[in-house]
Amino acid sequence: MTTDSSEFTISDELKSLVGREIDLGIAVVEAGAIAKFADAIKDPNPLYRDEEYAKGTPYGGIIAPPTFIHCFRDVGYARFNLEPLPWEKTTGLNGGNEFEIYGPMRPGDVITGKAKLVDIYARQSRSLGPMLFHIVEMTYTNQNNEMLGKQRSIGITYEAKE
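For the sequence shown, the positions run 115 to 276 when the numbering used here is used.
Here it is in structure tokens:
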């Protein structure tokens, strides 16, 4: 079903999801994963992979790069089951991410995440047609219940064209 902007309104059912919070699960931070992430973002900082070097820093050991927190997001906005939508087939885009980092992740940390849907709104695109924006805020704590960071992600869903 194709829809134009005059037909596209966000249903009450969809609006009712705003404020809903879900668990993102639990994961353990691994030194190997930190090193691979640092390699992937081309960050040669030995703080992320060299234990001897890291011991001599104020951190006292290896830590993860700040945006490593993104690895634990489990695509939070995708798990909110954003339905009903006015399209039979959809596709999506990442509309961006913002991070607030409060403390480092370390090998062995047990990370718990939560995601909260904070907003849903519609916009019209000249090239893609009507789009649904969904804003999700995720929080991450460690095994000591210390808040390590927050992430705010924007998901964009629109009709898949044939």
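Yeah, the Cβ is synthetic: ideal placement off N, Cα and C, and Gly gets one too. Every value quoted in this text rests on a predicted model; they were computed, and no experiment measured them.
Pick out whichever of T226, G133, N258, L246 has its Cα sitting closest to the Cα of P198.
Taking only the C-alpha atoms, the option nearest P198 is L246.
Please say whether P179 and F151 have beta carbons closer to each other than 8 Å?
Closer than 8 Å, so yes.
Considering only C-alpha positions, which residue in the set E273, V232, T226 is nearest to S239?
The shortest Cα separation from S239 among E273, V232, T226 belongs to E273.
Please report the distance separating the alpha-carbon of G170 from that of A236.
Computed Cα separation, rounded: 51 Å.
Would you list the one or two residues that DSSP bridges to Q238?
Answer is P244.
Would you list the one or two residues that DSSP bridges to F213?
The bridge partners DSSP lists for F213 are Q265.
I want to know whether the segment 147 to 163 touches the segment 247 to 255 - three or more CB-CB distances under 8 Å.
Pairwise C-beta distances place the segment 147 to 163 out of contact with the segment 247 to 255, as fewer than three of them are shorter than 8 Å.
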